[in-house]
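Just so you know, the sequences run in chain order A and B.
Read left to right, the first sequence gives residues 1 to 397 (my numbering).
Read left to right, the second sequence gives residues 398 to 794 (my numbering).
Backbone N, C-alpha and C fix where the C-beta goes; we use that ideal spot for every residue, glycine too.
Protein chains: 2
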Amino acid sequence: MEVELRDYLQGVILNTYRSNGFQRVNTPIIEEAENLDKSEGGENLNLIFKILKRGDKLTKALENQQYDDLADLGLRYDLTLPLSRYYANNRAKLMLPFKCIQIDKVYRAERPQKGRLREFVQCDIDIIGTDSIYAEVELIHTTAKALLALGIANFNVKINDRRILKSILLGVGFEEEQLASVSIIFDKYDKIGTDGVRRELEEKGYSKSAIDGLINILNQGRITLEMAKELCDHVEAMNDLDSIMKEVEKLSKDQYRVTFDISLVRGQGYYTGTIFEIESADFKGSIAGGGRYDHLIGKFLNETVPAVGFSIGFERIFSIMMEKGAVIPNQKKKVVVLFETSQFEEANVKAEELRKEYDVALYEKPKKVGKFLNRLKEQGYSEYFICGKSEGVEHID
Amino acid sequence: MEVELRDYLQGVILNTYRSNGFQRVNTPIIEEAENLDKSEGGENLNLIFKILKRGDKLTKALENQQYDDLADLGLRYDLTLPLSRYYANNRAKLMLPFKCIQIDKVYRAERPQKGRLREFVQCDIDIIGTDSIYAEVELIHTTAKALLALGIANFNVKINDRRILKSILLGVGFEEEQLASVSIIFDKYDKIGTDGVRRELEEKGYSKSAIDGLINILNQGRITLEMAKELCDHVEAMNDLDSIMKEVEKLSKDQYRVTFDISLVRGQGYYTGTIFEIESADFKGSIAGGGRYDHLIGKFLNETVPAVGFSIGFERIFSIMMEKGAVIPNQKKKVVVLFETSQFEEANVKAEELRKEYDVALYEKPKKVGKFLNRLKEQGYSEYFICGKSEGVEHID
Numbered sequence: 001m002e003v004e005l006r007d008y009l010q011g012v013i014l015n016t017y018r019s020n021g022f023q024r025v026n027t028p029i030i031e032e033a034e035n036l037d038k039s040e041g042g043e044n045l046n047l048i049f050k051i052l053k054r055g056d057k058l059t060k061a062l063e064n065q066q067y068d069d070l071a072d073l074g075l076r077y078d079l080t081l082p083l084s085r086y087y088a089n090n091r092a093k094l095m096l097p098f099k100c101i102q103i104d105k106v107y108r109a110e111r112p113q114k115g116r117l118r119e120f121v122q123c124d125i126d127i128i129g130t131d132s133i134y135a136e137v138e139l140i141h142t143t144a145k146a147l148l149a150l151g152i153a154n155f156n157v158k159i160n161d162r163r164i165l166k167s168i169l170l171g172v173g174f175e176e177e178q179l180a181s182v183s184i185i186f187d188k189y190d191k192i193g194t195d196g197v198r199r200e201l202e203e204k205g206y207s208k209s210a211i212d213g214l215i216n217i218l219n220q221g222r223i224t225l226e227m228a229k230e231l232c233d234h235v236e237a238m239n240d241l242d243s244i245m246k247e248v249e250k251l252s253k254d255q256y257r258v259t260f261d262i263s264l265v266r267g268q269g270y271y272t273g274t275i276f277e278i279e280s281a282d283f284k285g286s287i288a289g290g291g292r293y294d295h296l297i298g299k300f301l302n303e304t305v306p307a308v309g310f311s312i313g314f315e316r317i318f319s320i321m322m323e324k325g326a327v328i329p330n331q332k333k334k335v336v337v338l339f340e341t342s343q344f345e346e347a348n349v350k351a352e353e354l355r356k357e358y359d360v361a362l363y364e365k366p367k368k369v370g371k372f373l374n375r376l377k378e379q380g381y382s383e384y385f386i387c388g389k390s391e392g393v394e395h396i397d
Numbered sequence: 398m399e400v401e402l403r404d405y406l407q408g409v410i411l412n413t414y415r416s417n418g419f420q421r422v423n424t425p426i427i428e429e430a431e432n433l434d435k436s437e438g439g440e441n442l443n444l445i446f447k448i449l450k451r452g453d454k455l456t457k458a459l460e461n462q463q464y465d466d467l468a469d470l471g472l473r474y475d476l477t478l479p480l481s482r483y484y485a486n487n488r489a490k491l492m493l494p495f496k497c498i499q500i501d502k503v504y505r506a507e508r509p510q511k512g513r514l515r516e517f518v519q520c521d522i523d524i525i526g527t528d529s530i531y532a533e534v535e536l537i538h539t540t541a542k543a544l545l546a547l548g549i550a551n552f553n554v555k556i557n558d559r560r561i562l563k564s565i566l567l568g569v570g571f572e573e574e575q576l577a578s579v580s581i582i583f584d585k586y587d588k589i590g591t592d593g594v595r596r597e598l599e600e601k602g603y604s605k606s607a608i609d610g611l612i613n614i615l616n617q618g619r620i621t622l623e624m625a626k627e628l629c630d631h632v633e634a635m636n637d638l639d640s641i642m643k644e645v646e647k648l649s650k651d652q653y654r655v656t657f658d659i660s661l662v663r664g665q666g667y668y669t670g671t672i673f674e675i676e677s678a679d680f681k682g683s684i685a686g687g688g689r690y691d692h693l694i695g696k697f698l699n700e701t702v703p704a705v706g707f708s709i710g711f712e713r714i715f716s717i718m719m720e721k722g723a724v725i726p727n728q729k730k731k732v733v734v735l736f737e738t739s740q741f742e743e744a745n746v747k748a749e750e751l752r753k754e755y756d757v758a759l760y761e762k763p764k765k766v767g768k769f770l771n772r773l774k775e776q777g778y779s780e781y782f783i784c785g786k787s788e789g790v791e792h793i794d
């Protein structure tokens, strides 16, 4: 039953994406290790499952004690890297800008525990080959439409821009090479608060005035877009963000909100501009995230290709829908036809006739029919038919 | 476009399976290495992608020079092993017999080349928990229905039984411990002929009288079921095969054939009884294969659980359908709406209206509309609409 609900929910998301003119692409889960290594995946790079070399290559690496070089392949930790490589290899035959869907599995070497799976599904849409702000607008609105189609309401799209973050951090006195590390600490602001941020920055030994500058900003309460304009000297980034938010607000028709959030960082190193994340008021934690990664594809090509993507964390959606007790609408009802060995042919004719309307399973008549019917009910079967008995489908209740 | 055709074909197979009362299960592609090792996968065991240990475990294995023990996990090489483990872990809540579907990716460390992929899709149905011959009958007929639904006709289900093979090989004088190796050679009979089989058996140094005995049988031409009854003293196996073939013939209504083939071996070590394979007269090589594996699940449980499965090789199906120039029927037509920056809102309203009927993509108006429309056509778009121009959808031709 869980698999059926998963399939149904993924179908709703896929259909929304397709209806909005995105097309599905299929990328392999196995990637060259060197591609994964250069992907700037942030902390996720520590969670890559590496595939052992085989045959002579392995023998050679072991003989030469090249213990850092025992793997030549790895499992993807997200869908953005394989898509970037796919685009680099196939762009000659793709429509530009390329608007694509990936609903597929990714892998992270986490210790299996609640909420941390080593295999999980992401639902991504990406637009590659344009730096137009309408790419961001379309991704945000289409992702929101998928959530609305799933019956998830009351959510908020948080938005920020790495360029704004950079400008503000440089503005208060941090240095260029400190930004990655400062951002990682700043990313935890929601969890550890102002004091936590201060403590972790101090532990790193950064300049007191830079730390004070940042904390002063945080102490002003929620930073509005207007306030950010005062702090940030990247005019283009501020204008882009302003336009994206205005356009999304028009499309949203109050079905969801979009808010500027200066503390939104996102972990991946590859983001270059806009970043976004969706939070539901009804459920803790983020349910979708994404951003612009204008330099990732360039690692596989001799040119820069602008790109932006938005990813729904499917496992989160699935657990939300399970909590809500979601049911699959308009399901083809399931019937079982029970037969005794001698009645196999007759049972098949009956089953085939019923299949015009139902999904029909054939079972040899069990010793304990009652117990068997209970089990059927648990599995979502609603009706049964016993061969040789009076004609007609009977309801299981 | 290829991805869409793949999705469509997999959908046809899935719907056929579901309509026949099978239910989808989801198993992980990562398995414990020790489970893969004990799976009796035959030559496929040499093609397992192994995942490098991580952290302390890896350090320890390297320090102790345990070079055979650098991997703790691996990628599944088929869907039968993960299903067996899944069944062993979950049987308390499953309906018995368990009739299930897996349409999913498997991995083999082949050198990438035409017809040999390292990642490919298999479409399996299995029935676990019954030794009834109706399980075989149902699997064969349901798999055949899926092929017929895809428009593949003119195919033949070849069937044999490992127990018959064993009885005949022992009968001519091979020894129990030689059977696995003799079977591997015999499996190549279609390719290398009688002379090839004789040569390879002689190279292994097997008894001349056993080799002569086997070659004598092969020299009789096609061995019918009646002839096999003379050679095989496993009465139960012969009767089972006879019944399965008769029941399948009744269901097939001459839409496909089922024939006994003494030379059918199948590579996997885990088969214990019936084995089958589907060949199409129109395309070389097999398109589906399967058999009974009554001892595999027992490796994960303290009891023997009978099981039988049938797997369609999806990549083969896909290339057949591409050759045939298959098209997706009743596809929701695709339209593109072109807009200039200032018309974004208007374009969105238009797109949303068209989405009631079509899949609709939004694109900013390109400099060269003609060239862009050509590209759209290649991607399966059939109509377009330019914002600001006269109302109405125009056909792309």
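Using 7 Å as the limit for Cβ to Cβ distance, is residue i near chain B?
i	result
LEU62 (chain A)	yes
PRO28 (chain A)	yes
ILE312 (chain A)	no
TYR255 (chain A)	First, the amino acid is wrong: residue 255 (chain A) is Gln here, not Tyr. Judged by the 7 Å Cβ criterion, GLN255 (chain A) is not in contact with chain B.
ASP359 (chain A)	yes
ALA455 (chain A)	Since the first residue of chain A shown is 1 and the last is 397, residue 455 (chain A) is not available in this structure.
PHE344 (chain A)	yes
GLN379 (chain A)	yes
ALA109 (chain A)	yes
VAL265 (chain A)	no
ARG292 (chain A)	no
ARG24 (chain A)	yes
ARG355 (chain A)	yes
TYR67 (chain A)	yes
VAL3 (chain A)	yes
ARG199 (chain A)	no
ARG85 (chain A)	no
Pull up the DSSP beta-bridge partners for residue i, would you.
i	result
GLN519 (chain B)	B:ASP501, B:GLY710
TYR760 (chain B)	B:LEU735
GLN23 (chain A)	A:CYS100
TYR384 (chain A)	A:VAL336, A:GLU394
THR671 (chain B)	B:ASP558
ASN553 (chain B)	B:ARG654, B:GLU676
GLY291 (chain A)	A:ILE275, A:GLY309
SER683 (chain B)	B:GLU676
ILE398 (chain A)	What is shown of chain A runs 1 to 397, which leaves residue 398 (chain A) out entirely.
For residue i, decide whether its Cβ has a neighbour in chain A, counting only Cβ atoms nearer than 7 Å.
i	result
LEU416 (chain B)	The residue asked about is misnamed: residue 416 (chain B) is Ser in this sequence, not Leu. Yes, because at least one Cβ of chain A sits closer than 7 Å to the Cβ of SER416 (chain B).
ILE448 (chain B)	yes
LEU467 (chain B)	yes
ASP794 (chain B)	no
GLU712 (chain B)	no
ALA805 (chain B)	In this structure chain B extends from 398 to 794, so residue 805 (chain B) is not present and cannot be described.
GLU516 (chain B)	yes
MET492 (chain B)	yes
ARG619 (chain B)	no
ARG473 (chain B)	no
What distance in whole Å lies between the Cβ atoms of residue j and residue i, which are believed to be in contact at a cut-off of 8 Å?
i	j	result
PHE583 (chain B)	VAL594 (chain B)	6 Å
SER167 (chain A)	ASP254 (chain A)	Not really, about 31 Å apart at Cβ, beyond 8 Å.
GLN407 (chain B)	PHE711 (chain B)	7 Å
GLU401 (chain B)	ARG24 (chain A)	7 Å
ILE426 (chain B)	GLU119 (chain A)	7 Å
LEU362 (chain A)	GLU646 (chain B)	At roughly 18 Å, the Cβ-Cβ gap does not stay under 8 Å, so LEU362 (chain A) and GLU646 (chain B) are not in contact.
MET642 (chain B)	VAL655 (chain B)	5 Å
TYR87 (chain A)	ILE297 (chain A)	6 Å
MET718 (chain B)	LEU514 (chain B)	Incorrect: roughly 16 Å between the Cβ atoms, too far for contact.
Closer than 8 Å, Cβ to any Cβ of chain B: which residues of the segment 122-133 of chain A, in chain order? THR130, SER132
Minimum length 3: unbroken beta strand (DSSP E) runs contained in the segment 10-92 of chain A: 30-32, 50-52, 71-75
For the segment 527-615 of chain B, list the beta strand (DSSP E) runs that are entirely contained and at least 3 residues long, ordered along the chain. 552-558
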